[in-house]
Structures are given as C-alpha cells and as structure tokens.
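Written out below as structure tokens is the structure these notes cover.
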Amino acid sequence: ETLKEVSVIIGDAQLREIKIKKGEVKMIVLSTLPDTGRIYYNIPSLTKNGVPFVSENVIPPTQFGEWTTITHNFDGYILDMTGKEDREGGDTTNTIYTEMFAFIDSTGELVTLNEMDSFCSYVELTFVPEYAKGYIGSDTFIVDPKTTTTDALNKIISGSLDLNEVSLNLNIENSIGADAAIIFTELNTDNTNDNLPAVSATTDQNGNIVIGTNYNINRASLDNGELPITPTNTSISLNAADMIEIFPNQATIGCNIYLNPSGPHTTEDFIYTDYTINASIDATVPLSFIANNLTISGTISADLSSDEEIEIDELYITLINGFPLSAKIDIILMDEYYNVIDTLFNNTNIESANTDEFNKVTSPKQTVLTINNTNFDNVKNVKVISSFTTSSLTEHVNIYSYYSMDVSLSARFKQIIGK
Numbered sequence: 001e002t003l004k005e006v007s008v009i010i011g012d013a014q015l016r017e018i019k020i021k022k023g024e025v026k027m028i029v030l031s032t033l034p035d036t037g038r039i040y041y042n043i044p045s046l047t048k049n050g051v052p053f054v055s056e057n058v059i060p061p062t063q064f065g066e067w068t069t070i071t072h073n074f075d076g077y078i079l080d081m082t083g084k085e086d087r088e089g090g091d092t093t094n095t096i097y098t099e100m101f102a103f104i105d106s107t108g109e110l111v112t113l114n115e116m117d118s119f120c121s122y123v124e125l126t127f128v129p130e131y132a133k134g135y136i137g138s139d140t141f142i143v144d145p146k147t148t149t150t151d152a153l154n155k156i157i158s159g160s161l162d163l164n165e166v167s168l169n170l171n172i173e174n175s176i177g178a179d180a181a182i183i184f185t186e187l188n189t190d191n192t193n194d195n196l197p198a199v200s201a202t203t204d205q206n207g208n209i210v211i212g213t214n215y216n217i218n219r220a221s222l223d224n225g226e227l228p229i230t231p232t233n234t235s236i237s238l239n240a241a242d243m244i245e246i247f248p249n250q251a252t253i254g255c256n257i258y259l260n261p262s263g264p265h266t267t268e269d270f271i272y273t274d275y276t277i278n279a280s281i282d283a284t285v286p287l288s289f290i291a292n293n294l295t296i297s298g299t300i301s302a303d304l305s306s307d308e309e310i311e312i313d314e315l316y317i318t319l320i321n322g323f324p325l326s327a328k329i330d331i332i333l334m335d336e337y338y339n340v341i342d343t344l345f346n347n348t349n350i351e352s353a354n355t356d357e358f359n360k361v362t363s364p365k366q367t368v369l370t371i372n373n374t375n376f377d378n379v380k381n382v383k384v385i386s387s388f389t390t391s392s393l394t395e396h397v398n399i400y401s402y403y404s405m406d407v408s409l410s411a412r413f414k415q416i417i418g419k
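According to the numbering used here, the residues represented by the sequence shown are 1 to 419, in order.
Take a look at the structure:
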C-alpha cells in the first residue's frame, strides 16, 4: 500500500487546478513474483464529471525480464492540485495525491516467495492542459527584433510627403487572467531603397519615449470562475508621421513581455491555452498633408489592338479633378512583355481643382487629353506615372470625403471597308 502526495515544481507557479485537454498515465511494471499480481492505482483528486479516477490493473509474472506497460487516457479530466482531502495543514498547491495498492491474486494454491522476488513500478503522467488556475507564476518573454516587409507604398517611387499627423496604434487583447507589461526594445520603419537609416518611434500619445517605457496590460476575468473570458484591451498610440513619410517597405519590432511583474495578485490567475494574448497594429492617417512631386507608378493590362473591321481614330481621356492636387502624368504603351511601344504623354499637366484661401476646393477643373495618329497594335499594357503636388507647399491640405476625380474614356472609330 502506497499513499503519497507528489509535489510538482513549475517554476514559481502555485497551481490549484488544471484541466487536461489531452493526457495519459502510463504504468510500467515488473513482477518477478511466481503468480499474477494486481495493482489498484487511483488519483482521487483527478475527476471527470465528478467521478474520481480509479484503475484496476492485472500484472502477469515476468518470463524473461520483460516489463508490463498499461496506459489510461486522461482526456477531459480535471486535476485538483491542493493535495489530499482534509490534509493536515490545509490545502496546498502543485500537489498530486495518489493511491496504489498491490496484491497477489488468490488462487488457493500455496505460493513460495523469497528475498529475490520483487515488484517494481514506475508511473509517468503526461498531459497537455486546457487551462490552469492558481498563481501561474512570473516570467519574462524576450521577443527578439523581427523585421516584416510591406508593399503598401511600393507604387510611390519619388517625391516627398509631409503628413499633418499619423498615429500608429498597437492594440493588445489580453485573455489571460494575469497582469502583464511590455517594454519595446526596438520599433522602427525603413525604406531600404533610399540608403538612409531606419526611423524609430519617438513618443506615444502621453509624451512618453516609446523605447524603454513600461506599458501595463491588465488581466482578463472570468464569469464566476468559468467561461466566457472577458479580455482587456490596451491601446498604445505612437506619433508616427516621420515613420510613414519615408514610404517604408519594412518594419522592425522587438520587445520584452513580463507576466505577473508584481508577483501574486489578490485575484486568482488563470490561463486557457486557446485564449492568450493577441496584438495587432493599424495606422490612423488623417487626410491632411503636403505633397511635392509625390510620384506614383502603376501598370494596367489593356488590349487596345484593332480588329479587322474597325480601328481607333482618336482616343479621348477626360479628367475632372475635384482634388486640391495638381499632377504631371506620363502614359506609356507597352507590349505583353512590358517593352515600350510608344509614349502617349510625357510630363503632361493635370490642373488642380480651384481652391479658396483655406485650400478648400471651390470647383473642379477639367482636362481633356486627345490621342491620335497612334498605332495601338500589340498594346497589352499601359504604364501610368503620376506626380502629385498639393495646391499649397507651406500649409497642410485637407482631403474631404466628397472630393472626387472623374475619369472617362471615349474614342472615335473608323471602319475598315474591303477586308
């Protein structure tokens, strides 16, 4: 008969309860006794639907020194880690109470035992938790700087942009029942095409220097100790105008995350493996800026080849510009392999809408581009390069939702007779 409490070392955590998502107990037994043995192995503090785990295991005598392995499934069980019920000194933590009773089957026949006979057993308990409750401990997670690439601004090939204000928002949703803290060790953006240094985050919405500041993350809560979880949301807003104005193609972030930085809390911790900490980043860019030769390039697929009956005589592009932005555009015809066939327009002006003294649009401006005497055969792609400049280079220009630019395409065709 063996009744014992087994203490489990889990760092500085002091756990009261664990639910097992997947798990098993494996008993490895060797019996040199001359008759069949029997083991009752129980874990009273391990229950499923309120029923404790009990097992009865038959152990045959070894023939050639072989071990007997018996496995029991623990999926969905709840493990109470407060020790034996009514234990002296009261409840504890990180403790598993087990019972083992070993017998020799009674066959009615006389069995002789000697000092060489033995009965050895090992027990292995392995599991993947679904949740843990208690004090889950304090820990530090070092997130080494990681660089991610972006192509969001790749179509901008030159020029400058002066943004009035940009907020880079780091949103943290904490579904763990423990306090946390985050300290950024690195946070920057870089345009690897300009051979200039990366631009680091400077201050947050409260004027704190971003790198090195301790940002607290509050713990989540349960509904009377059970699901659902009510997560907490922490938003860190950074002044990021300088980080966006370089038209970055990559961003680097590194940080340290501290779990329970102040130690145990008066409220019990919890952690569910399916509900942890999620973070996302978004940018808030008010449409108020100064642009100077902000050049954007893009290529569209367009089959403008003539057929056997009609061909394009003249092509008209009408632009009604309702934005306080003037532009110079190049339109280049290309074949299916992106080889240049012809340049329709080079550095052609598109006038800005009319504005008042506050740089607010009062009326749109129309521009008509006419294309004639052009062979459109083999044209498969059209490349458009646009260079934008705001109506003012000293004051930020606001873009309102009702501003628009209308573009229409029309053509005059001629019919081919006799083919």
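Positions of the beta carbon are idealized from the N, C-alpha and C atoms, including for glycine.
Keep in mind the model is a prediction, meaning the values are calculated, not measured.
Let me confirm a value: residue i is counted as buried when at least 16 other C-beta atoms fall within 10 Å, else exposed. Which label applies?
i           : result
residue 176 : buried
residue 133 : buried
residue 272 : buried
residue 370 : exposed
residue 204 : buried
residue 87  : exposed
residue 142 : exposed
residue 363 : exposed
residue 321 : buried
residue 152 : exposed
residue 283 : exposed
residue 323 : buried
residue 163 : buried
residue 361 : buried
residue 235 : exposed
Where does the unbroken alpha helix (DSSP H) through residue i begin, and where does it stop?
i           : result
residue 241 : 241–245
Could you please give the first and the last residue of the uninterrupted beta strand (DSSP E) stretch that includes residue i?
i           : result
residue 44  : 37–48
residue 361 : 361–363
residue 52  : 51–59
residue 16  : 14–31
residue 125 : 119–135
residue 143 : 139–149
residue 265 : Here residue 265 belongs to no beta strand (DSSP E), and DSSP marks it neither H nor E.
residue 72  : 68–73
residue 375 : First-last for residue 375: undefined, no H or E at that position.
residue 251 : 250–259
residue 384 : 381–390
residue 313 : 310–321
residue 160 : 156–163
residue 325 : 325–334
residue 357 : Where residue 357 is concerned, there is no enclosing beta strand (DSSP E), given that its DSSP letter is neither H nor E.
residue 223 : 221–223
One question on the structure: do residue i and residue j come within less than 8 Å of each other, judged by their Cβ atoms?
i           : j           : result
residue 381 : residue 301 : yes
residue 161 : residue 281 : no
residue 414 : residue 310 : yes
residue 218 : residue 171 : no
residue 290 : residue 390 : yes
residue 62  : residue 32  : yes
residue 121 : residue 29  : yes
residue 248 : residue 189 : yes
residue 244 : residue 146 : no
residue 359 : residue 397 : yes
Since residue i contacts residue j with CB under 8 Å, what's their CB separation in whole angstroms?
i           : j           : result
residue 411 : residue 316 : 7 Å
residue 39  : residue 102 : 5 Å
residue 367 : residue 256 : With 8 Å as the limit, residue 367 and residue 256 do not qualify as a contact, their Cβ atoms being about 55 Å apart.
residue 104 : residue 45  : About 28 Å; that fails the 8 Å criterion.
residue 130 : residue 26  : With a Cβ gap of about 20 Å, residue 130 and residue 26 do not count as contacting.
residue 47  : residue 78  : 6 Å
residue 128 : residue 23  : 7 Å
Using CA atoms only, rank isn't needed, just tell me which of the options is closest to residue i.
i           : options            : result
residue 148 : 187, 173, 13, 116  : 187
residue 94  : 121, 192, 295, 12  : 12
residue 375 : 313, 356, 237      : 313
residue 399 : 213, 325, 346, 333 : 325
residue 342 : 373, 361, 139, 392 : 373
residue 346 : 386, 334, 266      : 386
residue 406 : 353, 396, 377, 379 : 353
residue 60  : 49, 118, 392       : 118
residue 348 : 334, 319, 338      : 319
residue 250 : 56, 193, 71        : 193
residue 365 : 332, 404, 337, 379 : 404
I'd like to confirm something about residue i: is its beta-carbon nearer than 7 Å to some heavy atom of the ligand SAH, or not?
i           : result
residue 311 : No copy of the ligand SAH appears in this structure; indeed no ligand is present at all.
State yes or no: is the beta carbon of residue i nearer than 8 Å to at least one beta carbon in chain B?
i           : result
residue 190 : The structure shown contains no chain B; it holds only a single protein chain.
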